[in-house]
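Number of protein chains: 2
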Amino acid sequence: MSEGKVRAGYVRSLDIKHGQVDMAHGSGGRAMAQLIEELFAKHLGNEYLAQGDDGALLPAQGAGKLVMATDSHVVSPLFFPGGDIGCLSVHGTINDVAVMGAKPLWLSAGFILEEGFKLADLALIVQSMANAAKAAGVPIVTGDTKVVERGKGDGVFITTTGVGVVAPGRELSGRCAKPGDAILVSGTLGDHGMAIMAVRESLGFESPIVSDTAALHGLIATMRDSGADIHVLRDPTRGGLATTLNEITRQSGVGMMLQEKALPVNPAVNAACEFLGLDPLYVANEGKLVAICAEQDAEKLLVAMRSHPLGAAAAIIGRVHDDPHHFVQMTTGFGGKRIVDWLSGEQLPRIC
Amino acid sequence: MSEGKVRAGYVRSLDIKHGQVDMAHGSGGRAMAQLIEELFAKHLGNEYLAQGDDGALLPAQGAGKLVMATDSHVVSPLFFPGGDIGCLSVHGTINDVAVMGAKPLWLSAGFILEEGFKLADLALIVQSMANAAKAAGVPIVTGDTKVVERGKGDGVFITTTGVGVVAPGRELSGRCAKPGDAILVSGTLGDHGMAIMAVRESLGFESPIVSDTAALHGLIATMRDSGADIHVLRDPTRGGLATTLNEITRQSGVGMMLQEKALPVNPAVNAACEFLGLDPLYVANEGKLVAICAEQDAEKLLVAMRSHPLGAAAAIIGRVHDDPHHFVQMTTGFGGKRIVDWLSGEQLPRIC
Numbered sequence: 007m008s009e010g011k012v013r014a015g016y017v018r019s020l021d022i023k024h025g026q027v028d029m030a031h032g033s034g035g036r037a038m039a040q041l042i043e044e045l046f047a048k049h050l051g052n053e054y055l056a057q058g059d060d061g062a063l064l065p066a067q068g069a070g071k072l073v074m075a076t077d078s079h080v081v082s083p084l085f086f087p088g089g090d091i092g093c094l095s096v097h098g099t100i101n102d103v104a105v106m107g108a109k110p111l112w113l114s115a116g117f118i119l120e121e122g123f124k125l126a127d128l129a130l131i132v133q134s135m136a137n138a139a140k141a142a143g144v145p146i147v148t149g150d151t152k153v154v155e156r157g158k159g160d161g162v163f164i165t166t167t168g169v170g171v172v173a174p175g176r177e178l179s180g181r182c183a184k185p186g187d188a189i190l191v192s193g194t195l196g197d198h199g200m201a202i203m204a205v206r207e208s209l210g211f212e213s214p215i216v217s218d219t220a221a222l223h224g225l226i227a228t229m230r231d232s233g234a235d236i237h238v239l240r241d242p243t244r245g246g247l248a249t250t251l252n253e254i255t256r257q258s259g260v261g262m263m264l265q266e267k268a269l270p271v272n273p274a275v276n277a278a279c280e281f282l283g284l285d286p287l288y289v290a291n292e293g294k295l296v297a298i299c300a301e302q303d304a305e306k307l308l309v310a311m312r313s314h315p316l317g318a319a320a321a322i323i324g325r326v327h328d329d330p331h332h333f334v335q336m337t338t339g340f341g342g343k344r345i346v347d348w349l350s351g352e353q354l355p356r357i358c
Numbered sequence: 007m008s009e010g011k012v013r014a015g016y017v018r019s020l021d022i023k024h025g026q027v028d029m030a031h032g033s034g035g036r037a038m039a040q041l042i043e044e045l046f047a048k049h050l051g052n053e054y055l056a057q058g059d060d061g062a063l064l065p066a067q068g069a070g071k072l073v074m075a076t077d078s079h080v081v082s083p084l085f086f087p088g089g090d091i092g093c094l095s096v097h098g099t100i101n102d103v104a105v106m107g108a109k110p111l112w113l114s115a116g117f118i119l120e121e122g123f124k125l126a127d128l129a130l131i132v133q134s135m136a137n138a139a140k141a142a143g144v145p146i147v148t149g150d151t152k153v154v155e156r157g158k159g160d161g162v163f164i165t166t167t168g169v170g171v172v173a174p175g176r177e178l179s180g181r182c183a184k185p186g187d188a189i190l191v192s193g194t195l196g197d198h199g200m201a202i203m204a205v206r207e208s209l210g211f212e213s214p215i216v217s218d219t220a221a222l223h224g225l226i227a228t229m230r231d232s233g234a235d236i237h238v239l240r241d242p243t244r245g246g247l248a249t250t251l252n253e254i255t256r257q258s259g260v261g262m263m264l265q266e267k268a269l270p271v272n273p274a275v276n277a278a279c280e281f282l283g284l285d286p287l288y289v290a291n292e293g294k295l296v297a298i299c300a301e302q303d304a305e306k307l308l309v310a311m312r313s314h315p316l317g318a319a320a321a322i323i324g325r326v327h328d329d330p331h332h333f334v335q336m337t338t339g340f341g342g343k344r345i346v347d348w349l350s351g352e353q354l355p356r357i358c
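This is the structure:
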């Protein structure tokens with residue numbers, strides 16, 4: 007992308023109000039340069055994009071290890087209560103970098119547009135990305151745009167890649183959970199997934215369920231500043247908390263026991279889940295994290311999380327233990343136990 | 007992605023020979039973990055993917071500046087003479103990093119799969135990516151997979167992002183062309199675009215036109231070892247040589263004069279272009295570069311390029327000059343002059 011200080015000689019400005027994406031916008035030629043200048047660079051503009059080369063030249067990071075994460079976003083609908091595919095694609099990738107202990111530094115964005123997509127909607131999405139990137143302090147430094155024929159895409163897909171830096175010894179991984187550790191979540195479960203499902207299924211609640219989409223690196227910085235000995239962070243997105251905890255038990259070679267009554271779930275999310283036959287444990291979050299920390303630091307970490315707006319409803323939800331089967335189990339409200347298995351089947355397609 | 011040393015308890019192996027992508031493969035659950043383990047990690051596996059976290063933890067690069075580039079790939083058809091979307095998505099992003107003067111280090115890959123896509127074709131594509139990444143010495147360190155419903159995608163789209171490192175003072179940019187500089191290309195023009203078009207239009211040549219898709223960082227290392235004072239490198243992909251040179255004249259604030267008779271074009275590509283009413287100057291390349299260097303070093307650079315297999319047909323094709331209009335012009339075979347304008351309209355949709 008280029009901010010294009012010297013214009014490529016366009017006869018007219020893009021008609022963003024009434025225009026549509028056409029195949030020429032993916033050609034590599036004049037129409038694409040115009041789309042980049044008048045829409046992408048206009049909103050996303052920063053010193054790196056302004057370099058105008060095929061990639062971005064970025065500052066050296068010295069002794070810091072690098073972290074790289076990528077996510078393709080295909081959420082449907084593109085706009086939903088609490089957000090849209092634009093801010094979601096910024097938050098999701100920032101979070102993947104941040105939960106590894108890194109400070110997110112830069113993002114790239116690859117757009118796959120469908121012919122006929124409204125430029126007005128594209129502009130809203132790009133503005134939302136720009137606002138999210140600015141609020142997070144993580145600029146989109148390079149990008150790409152492709153166009154596919156009508157019926158070969160679905161409006162817009164956005165793939166973001168994030169790069170961050172982590173000071174030596176500060177790395178986090180899903181491999182570091184230890185028997186005895188406490189398991190915490192930063193807030194209510196299933197808000198993002200049920201916000202999407204409520205729109206799709208036209209569920210008529212008095213107040214809509216709102217996605218929790220948010221960048222978590224600020225919350226994580228607060229948590230680390232507390233001095234608690236954090237072993238694992240992870241954002242429970244697709245597949246929900248159940249899937250994320252099963253991944254961690256597998257990576258770390260441990261088991262887990264959750265307390266059902268300790269799991270924070272919004273009443274409206276609970277109601278929608280019951281109505282649709284879904285379990286909030288398997289529903290996607292986009293602004294929540296799981297933290298696993300040394301047992302003796304659990305209360306200190308909880309206090310730190312609750313001191314941050316994105317962790318106000320944080321809770322201690324269970325413990326890590328030895329288990330050669332790497333099961334996630336749960337003590338239910340009735341005092342029984344059940345296995346919280348991997349998600350089987352699709353449950354919620356195109357949730358992010 | 008996780009190599010998954012501990013299996014998630016699948017009942018059966020993936021049926022790669024007869025199976026298809028279904029929505030569950032994008033769910034975040036058991037089916038997705040199985041697809042990642044038995045297909046992606048099997049072929050792409052390396053120490054970074056094996057970390058199994060949401061991103062990859064990568065070594066520090068000290069004083070080296072970083073370069074980040076991204077490309078979404080939507081080429082149609084997915085398989086073509088000389089390559090497929092898999093190797094293309096590796097080569098294209100490596101080249102974007104390499105033309106900035108950087109050593110490409112790592113790639114990420116985001117897959118958007120259409121429900122019903124054959125797993126056998128997906129396996130061929132992933133194998134092709136793996137082979138290309140291995141040959142280039144640039145591992146795919148992290149990735150993501152999403153699935154969209156039948157009719158909302160087109161088989162597979164792949165977005166790759168590359169990160170590289172460049173020693174201080176070795177950066178290259180399209181902003182550094184200077185009046186007097188020589189313009190070189192590394193080989194014949196338009197091979198990739200016409201390989202795609204010949205398949206699409208079922209042009210029956212005796213021998214098919216073969217895509218030039220290739221990773222150029224080895225050629226670039228040879229060129230830099232020559233000691234020639236290289237000012238700009240760029241790979242002329244979508245929009246072809248004409249578009250790339252117009253981008254550089256705009257970035258550098260200069261003009262250019264090309265010699266038509268110096269432009270290397272394969273006879274079969276020329277014939278196909280004439281048949282379809284296309285101009286090879288606007289047709290995409292995926293294994294060629296433009297180099298702009300100090301006038302006195304042009305011959306030395308040409309010799310270096312020709313010493314490398316990917317530069318055997320390299321040629322000096324023109325000069326940079328002062329021009330307040332930033333025009334790219336060409337002396338034609340008949341001795342006249344014409345302006346080589348930006349590509350207008352779409353010419354070749356979904357070429358990469």
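Chains A and B, in that order, are what the protein sequence lines are. For the first sequence, this note's numbering assigns the number 7 to the initial residue and increments by one for each residue that follows. For the second sequence, this note's numbering assigns the number 7 to the initial residue and increments by one for each residue that follows. No residue lacks a Cβ here, since even glycine has one placed at the ideal position from N, Cα and C.
None of the residues of the segment 207 to 225 of chain B has a beta carbon lying less than 8 Å from any beta carbon of chain A. Counting C-beta pairs closer than 8 Å gives three or more between the segment 233 to 241 of chain A and the segment 291 to 303 of chain A, which meets the contact rule. Residues of chain B whose Cβ lies closer than 8 Å to the Cβ of Q353 (chain A) are, in chain order, S33, G35. Under the three-state reduction of DSSP, R36 (chain B) is assigned to helix. Near chain B, meaning a CB-to-CB distance below 8 Å, the residues of the segment 114 to 131 of chain A are S114, A115, G116, F117, I118. Where T255 (chain B) is concerned, there is no enclosing beta strand (DSSP E), although the alpha helix (DSSP H) around it starts and stops at 246 to 258. Taking the CA atoms as reference points, H31 (chain B) sits about 16 Å from K158 (chain B). Of all residues in the segment 68 to 93 of chain A, only G68, A69, G70, K71, L72, V73, M74, A75, T76, D77, S78, V80 place a beta-carbon less than 7 Å from a beta-carbon of chain B. When C-beta distances to chain B are compared with 7 Å, the residues of the segment 162 to 177 of chain A below that value are F163, T165, T167, V169, E177, in chain order. The C-beta of D28 (chain B) has 16 or more other C-beta atoms within 10 Å across all chains shown, which makes the residue buried. Annotation: Y54 (chain A) to V154 (chain B) spans about 32 Å, alpha carbon to alpha carbon. When Cβ-Cβ separations below 7 Å define contact, M29 (chain A) makes contact with chain B. Contact of V105 (chain B) with chain A by beta-carbon distance below 7 Å involves D60.
Using a CB distance cut-off of 7 Å, A136 (chain A) does not count as an interface residue toward chain B. Rounded to the nearest whole angstrom, the C-alpha separation of T243 (chain A) and V289 (chain A) is 8 Å.
Two segments are said to touch when three or more pairs of C-beta atoms, one from each, lie closer than 8 Å; by this definition the segment 183 to 191 of chain A does not touch the segment 71 to 80 of chain A. C279 (chain B): member of the alpha helix (DSSP H) spanning 273 to 282, first to last residue. From the listed residues A:H24, A:A69, A:V81, the smallest Cα separation to S217 (chain A) is found for A:V81. Residue-level contact by beta carbon holds for L64 (chain B) and chain A, with a gap shorter than 7 Å.
Here K267 (chain B) carries a helix assignment [DSSP, helix/strand/coil]. G168 (chain A) and V144 (chain A) have their C-alpha atoms spaced approximately 9 Å apart. Excluding its 5 nearest sequence neighbours in each direction, T165 (chain B) has C-beta neighbours in its own chain below 6 Å: S78, G116, listed in chain order.
The three-state secondary structure of L111 (chain B), taken from DSSP, is strand.
Among the CB atoms of chain A, one or more fall inside 7 Å of the CB of D160 (chain B). Taking 7 Å as the cut-off, the beta carbon of A321 (chain A) is found no closer than this to the beta carbon of P355 (chain A). If you draw a 10 Å sphere on the C-beta of T255 (chain B), you find 16 or more other C-beta atoms in it, and that means buried.
The CB of G149 (chain A) comes closer than 7 Å to the CB of T76 in chain B, given here in chain order. Annotation: K152 (chain A) is outside any alpha helix (DSSP H); the continuous beta strand (DSSP E) that includes it extends over 146 to 154. Taking the Cβ atoms as the reference, Q335 (chain A) lies roughly 6 Å from I345 (chain A), within the contact range of under 8 Å.
Taking 7 Å as the cut-off, the beta carbon of G339 (chain A) is found closer than this to the beta carbon of E266 (chain A). Contact of G245 (chain A) with chain B by beta-carbon distance below 7 Å involves S33, G34, G35. Contact with chain B is found for G180 (chain A), since one of that chain's Cβ atoms lies less than 7 Å from the residue's Cβ. Of the candidates B:M38, B:L94, B:D102, B:L94 places its Cα closest to the Cα of I202 (chain B).
Look at S82 (chain A) here: in three-state DSSP terms it is coil, with no helix or strand label. Taking a cut-off of 8 Å for Cβ pairs, the segment 219 to 233 of chain A and the segment 93 to 110 of chain A touch, as three or more such pairs fall below it.
For K48 (chain B), no Cβ of chain A is located within less than 7 Å of the residue's own Cβ.
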